[in-house]
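Participant:
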Amino acid sequence: MSARDAGPARAGTTALGRPAAPRAPETHPAAPPGTIPTQRTRPAPVAPAPAAPGRRRRTGRTVAVVLLCATLVGAVAAGVVVQLRADARAAAWARVEERAAVLDAAQRVDAEFAARTRAAAAAARYDALVADAVARAGTALTAAQAAAAASPHAGEPALAALRTATDALSAAAGTAGTGTSPATLAARTAEVAAPQQAAVEAQAAWQAAEAARIAAERAAAEAAQRSRGSGSGGTARAARPASGGGAAAAPAAAAAAPAATWAAGVQSYGVSGLGSALNAARADAGLGALTVVRSASLADHAAAMAAAGSIWHSGNDHIVGWVQPASDAEMIAAYLNSPPHRAWILKEGKSTVSIGAVTLNGRLYTAMRFS
């Protein structure tokens with residue numbers, strides 16, 4: 463066996479060392495006729511051709527493109543991640559801001575409600591203070607006006623001071639709550655007390671002095687009357703009132719002589735005309751006539767008022783007044799125009815009116831008592 467034959471036989475041995483299956487004998491194609499046989503040689507091995515430069519460049523570009531794409535994809539992915547994180551942070555911050563805005567709005571609503579509540583409470587307290595101050599001012603003003611009306615002889619300085627205080631109080635009360643504070647109104651109210659007390663005290667002093675004067679004059683008149691009575695051997699008597707119950711007074715009362723203690727110029731005035739005018743007013747009201755009686759004590763009081771140029775109640779009368787010129791009808795009309803005096807003239811259940819009347823310088827002064 464030749465070396466060519468041995469090679470294939472070894473090569474065909476299996477892993478178990480068994481001989482390979484027999485192979486058909488190698489045949490060569492027959493040479494065409496006329497061909498000279500020559501020795502053949504085995505072709506030399508051909509080395510692989512070196513790679514072309516263009517292919518290497520394409521491969522490099524491909525690798526570069528792949529790397530660039532990968533880089534770009536990575537960058538894009540990183541950018542997307544960053545953007546997603548930024549968006550998440552922005553969304554979270556927006557939620558925080560929204561929540562903060564909701565809380566802030568709720569706090570503002572609460573603060574506004576609390577402010578309105580405090581303002582309403584303060585307004586209510588202020589209104590209560592104003593109402594209380596106005597009520598106190600009204601009470602003080604009424605008392606001061608009553609004191610002034612009851613103190614006609616307190617003297618002009620005292621009455622002027624009281625008028626000034628009451629005018630200031632009235633003006634302050636009129637603007638309470640709009641231009642005058644409760645504190646200012648309270649101060650104006652307190653300022654009335656002193657002049658009011660001064661007027662009352664001045665009137666009381668005048669009243670005491672006047673009462674003492676009238677008592678002294680009355681005592682002197684009684685002493686003079688007793689002296690005249692003892693000298694003539696008789697006793698002075700008052701005139702008997704008319705018994706018919708009409709408007710006429712007792713005849714002796716028509717024109718009594720002036721009392722000895724009256725001031726100069728004071729003249730007695732007949733009461734029959736006054737009684738007639740008074741009963742005419744009662745008749746118009748559907749009331750019965752009163753018996754008219756002249757009263758010496760009321761005449762003395764009327765004389766004292768005439769001398770003083772003013773009027774006041776002595777405690778023994780119900781109504782007092784004066785008119786000028788002297789007129790029975792005007793005197794009764796003046797009384798009827800005053801509700802308190804009208805009430806006495808038209809009072810039911812009365813049967814007698816005692817009247818004292820005098821004149822001085824054309825002015826008629828009267829004092830009346832109903833019984």
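Everything in the sequence shown is counted per this note's numbering, starting at 463 for the first residue and increasing by one. We put the beta carbon where it would ideally sit given N, CA and C, even for glycine. Quantities reported herein were computed from a predicted structural model and do not represent experimental measurements.
1) Rounded to whole angstroms, what's the CA-CA distance from alanine 620 to alanine 667? Just pull it up for me.
2) May I have the straight-line CA-CA distance separating leucine 740 from alanine 761, to the nearest angstrom?
3) Among the candidates Ala819, Gly818, Val820 and Trp806, whose CA atom is the shortest distance from the CA of phenylalanine 832?
4) With a CB to CB cut of under 6 angstroms and the five nearest residues on each side skipped, what residues in its chain are close to alanine 718?
5) Quick check on this structure: which residue in Ser613, Trp555, Ala597 and Glu618 has the alpha carbon closest to the alpha carbon of alanine 670?
6) Which of the three DSSP states is assigned to tyrosine 835 in this structure?
7) Does threonine 814 come out as helix, strand or coil in the three-state DSSP assignment?
8) Report yes if the C-beta distance between valine 782 and glutamate 792 is below 8 angstroms; otherwise report no.
9) Of all the options Gly750, Tyr797, His780 and Val820, which has the alpha carbon lying nearest to the alpha carbon of alanine 770?
10) Expressed to the nearest angstrom, what Euclidean distance is found between the alpha-carbon atoms of aspartate 566 and alanine 586?
11) Restricting to Cα atoms, I'd like to know which of Trp774, Leu752, Ser789 and Gly732 is closest to serine 813.
12) How would you label alanine 599, buried or exposed, when you count the other beta carbons within 10 angstroms and need 16 or more for buried?
13) How would you write the range of the beta strand (DSSP E) that tryptophan 784 sits in, first residue to last?
14) Quick one: Cα of proline 644 to Cα of alanine 638, how far?
15) State buried or exposed for threonine 723, treating a residue as buried only when at least 16 other CB atoms are found within 10 Å of its CB.
16) Measure how close the beta-carbons of alanine 605 and glutamine 658 come, nearest whole angstrom, since I'm counting them as under 8 angstroms.
17) Which whole-angstrom value is the C-beta distance of alanine 673 and alanine 764, which I expect to be below 8 angstroms?
18) If you draw a straight line from the alpha carbon of tryptophan 555 to that of alanine 573, how long is it in whole angstroms?
19) Start and end of the beta strand (DSSP E) containing leucine 752?
Facilitator: Let's see:
1) By one-based count along the sequence shown, residue 620 stands at place 158. By one-based count along the sequence shown, residue 667 stands at place 205. Going by the C-alpha atoms only, they are around 13 angstroms apart.
2) Along the sequence shown, one-based indexing puts residue 740 at 278. Along the sequence shown, one-based indexing puts residue 761 at 299. Cα to Cα, the separation comes out at about 18 angstroms.
3) Locating residue 832 in the sequence shown gives position 370, where the first residue counts as 1. Answer by Cα proximity: Trp806.
4) Walking along the sequence shown from the start, residue 718 turns up at place 256. With a pLDDT of only 46 at alanine 718, under the threshold of 50, the placement of this residue in the model should not be trusted, and no figure is reported.
5) As a first step, residue 670 must be located in the sequence shown, where it is residue number 208. For alanine 670, the nearest C-alpha among the options comes from Ser613.
6) Since the displayed the chain opens at 463 and closes at 833, residue 835 lies outside it and no answer follows.
7) Translated into the one-based positions of the sequence shown, residue 814 becomes position 352. Of the three classes helix, strand and coil, the one that applies to threonine 814 here is strand, per DSSP.
8) On the sequence shown, residue 782 is found 320 positions in, with the first residue counted as 1. On the sequence shown, residue 792 is found 330 positions in, with the first residue counted as 1. Their beta carbons are not under 8 angstroms apart, which means valine 782 does not touch glutamate 792 by this criterion.
9) The sequence position of residue 770 within the sequence shown is 308, counting from 1. Among Gly750, Tyr797, His780 and Val820, the Cα nearest to that of alanine 770 is on Val820.
10) Taking the sequence shown and counting its residues from 1, one reaches residue 566 at position 104. Taking the sequence shown and counting its residues from 1, one reaches residue 586 at position 124. Using only the alpha carbons, I get a separation of about 30 angstroms.
11) Here the question's residue 813 lines up with position 351 in the sequence shown. Serine 813 has its Cα closest to that of Leu752, out of Trp774, Leu752, Ser789 and Gly732.
12) The residue given as residue 599 occupies position 137 in the sequence shown. Flag for alanine 599 reads buried.
13) Start at 1 with the first residue of the sequence shown, and residue 784 comes out as number 322. Residues 781-785.
14) Position 182 of the sequence shown, counted from the start, is the residue given in the question as residue 644. Position 176 of the sequence shown, counted from the start, is the residue given in the question as residue 638. Using only the alpha carbons, I get a separation of about 7 angstroms.
15) Along the sequence shown, read from residue 1 onward, the residue named residue 723 stands at position 261. The residue is buried, with at least 16 neighbouring Cβ atoms inside 10 Å.
16) Stepping through the sequence shown from its first residue, residue 605 is reached at position 143. Stepping through the sequence shown from its first residue, residue 658 is reached at position 196. Rounded, the Cβ-Cβ distance is 7 angstroms, consistent with contact.
17) Residue numbering aside, residue 673 sits at position 211 when the sequence shown is read from its first letter. Residue numbering aside, residue 764 sits at position 302 when the sequence shown is read from its first letter. Actually they are not in contact, since the Cβ atoms of alanine 673 and alanine 764 sit about 16 angstroms apart, beyond 8 angstroms.
18) Locating residue 555 in the sequence shown gives position 93, counting from the first residue. Locating residue 573 in the sequence shown gives position 111, counting from the first residue. Going from the Cα of tryptophan 555 to the Cα of alanine 573 covers about 26 angstroms.
19) Residue numbering aside, residue 752 sits at position 290 when the sequence shown is read from its first letter. Neither: leucine 752 is in no beta strand (DSSP E) and is coded neither H nor E.
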